[in-house]
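**Student:** Let me begin by handing over the structure; questions about it come next.
2 protein chains.
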Amino acid sequence: MNVTDAFGVVLKKYRKLANLSQEQLALQCNLDRTYIGMLERGQRQPTITTLFTIADTLSIEPNKLVKEIEALL
Amino acid sequence: MNVTDAFGVVLKKYRKLANLSQEQLALQCNLDRTYIGMLERGQRQPTITTLFTIADTLSIEPNKLVKEIEALL
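As given, the protein sequences belong to chains A and B, one line each in that order. Okay, so the first sequence: first residue is 1 according to full-length UniProt numbering, each after it adds one. Okay, so the second sequence: first residue is 1 according to full-length UniProt numbering, each after it adds one.
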């Protein structure tokens, strides 16, 4: 699995754990809902700032998200 | 400090620890030397794939780079 796909898998997992819809997460991150969907499907990859913004919204440390991505590669 | 600037600081630190010039790192990462310079000055921010590529080249786990960035925010 590549990094972009792995990020999508991890994002979807933690969004669901936080009980947020794509739309709710997008709103809280000030991002577009379609962009969240594309991230989860591995059709876009985030910048490091977006990674930190999403992690903050999901109340998880960015390094923990990244560690989970590493485990999927 | 914002995420982009913090990444630049951490990148420069680990590039120097690895005894690599910007040019050498760029070559090994298949990136442009000017792009490495811009990353280090916080003038560009990496995608998550670039983060993983650079971490791999510097032989450091991506989550450890991210943890150091967190400590600078």
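A virtual CB, placed ideally from N, CA and C, is assigned to each residue, including glycine.
Tell me, please, whether the CB atom of B/Glu61 is closer than 8 Å to any CB atom in chain A?
**Tutor:** B/Glu61 counts as touching chain A.
**Student:** Taking Cβ to Cβ, would you say A/Gly40 is nearer than 8 Å to A/Leu11?
**Tutor:** According to the sequence displayed, residue 40 of chain A carries Glu and not Gly. Against a cut-off of 8 Å, the Cβ pair of A/Leu11 and A/Glu40 comes out as a contact.
**Student:** Using beta carbons (cut-off 8 Å, strictly below), is A/Ile54 in contact with chain B?
**Tutor:** No, its Cβ sits nowhere closer than 8 Å to a Cβ of chain B.
**Student:** Cβ of B/Val66 less than 8 Å from any chain A Cβ?
**Tutor:** Yes, B/Val66 counts as interfacial toward chain A.
**Student:** Exposed or buried, A/Thr57, counting other C-beta atoms within 10 Å across all chains shown (16 or more means buried)?
**Tutor:** With 16 or more other Cβ atoms within 10 Å, it is buried.
**Student:** Just curious, the alpha helix (DSSP H) that B/Glu23 is in, first and last residue?
**Tutor:** Gln22 to Cys29 is the extent of the alpha helix (DSSP H) around B/Glu23.
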